[in-house]
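Residue numbers (the numbering used here): 1 to 105. Glycine residues also receive a C-beta, built at the ideal position from the N, C-alpha and C atoms. Here is the structure we will look at, set down as structure tokens.
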Amino acid sequence: MSDTEDFFLKIGIGIFFVIMFFKMFIPAILDIPCYFKNDFKIVSGYARNNANGKGNIRCVTIINEKDKEEIYVEFSFSDGINEGDYLKVKYLPHTKYGILLKKRD
């Protein structure tokens, strides 16, 4: 590999890591003040998709019953989530990580 190819490869890898840093860590940093102020968001609605599988982390899109907005959230729950289940989730606004408050089939 020539010096110019090596240079551009290093620049490309550097840009990739900077983008990944911002994509992963900035939302978590922005959620720190929300966590300490207890400024959580709550969504109630019906699951648009299934979230069954191994492990306890469930990634679900919830259709908010107030304004029909679709909100993606992640939370820990040992049982599966099926399409159409009624869920109430308390979550952080930037990372969308939360806890399940209520589930009805």
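| For I99, the nearest candidate out of K37, G84, S78, D3 (CA to CA) | Taking the first residue of the sequence shown as 1, we reach residue 99 at position 99. Minimum Cα distance to I99 is reached at S78.
| Would you say I63 and G80 are within 8 Å of each other, going by their C-beta atoms? | Here residue 63 refers to the residue found at position 63 of the sequence shown. Here residue 80 refers to the residue found at position 80 of the sequence shown. Against a cut-off of 8 Å, the Cβ pair of G80 and I63 comes out as no contact.
| said: Is the separation between the beta-carbon of E70 and that of A47 shorter than 8 Å? | reply: Working through the sequence shown from its first residue, we reach residue 70 at position 70. Working through the sequence shown from its first residue, we reach residue 47 at position 47. Contact flag unset, no.
| request: Find out if the Cβ-Cβ distance for the pair F40, K102 is shorter than 8 Å. | output: Translated into positions along the sequence shown, residue 40 becomes position 40. Translated into positions along the sequence shown, residue 102 becomes position 102. Result no, Cβ atoms of F40 and K102 do not sit closer than 8 Å.
| request: Determine the closest residue to S76 out of I57, I29, K96, A28, with distance taken between C-alpha atoms. | output: For the purposes of this step, residue 76 is taken as residue 76 along the sequence shown, with counting starting at 1. Residue I57 is the option with its Cα nearest to S76.
| Taking the alpha-carbon positions, what's the I42 to S2 distance? | Taking the sequence shown and counting its residues from 1, the one referred to as residue 42 is at position 42. Taking the sequence shown and counting its residues from 1, the one referred to as residue 2 is at position 2. Their Cα atoms are separated by approximately 55 Å.
| Considering only C-alpha positions, which residue in the set G12, P93, L92, Y86 is nearest to E65? | Position 65 of the sequence shown holds residue 65. Of the candidates G12, P93, L92, Y86, the one whose C-alpha sits nearest the C-alpha of E65 is Y86.
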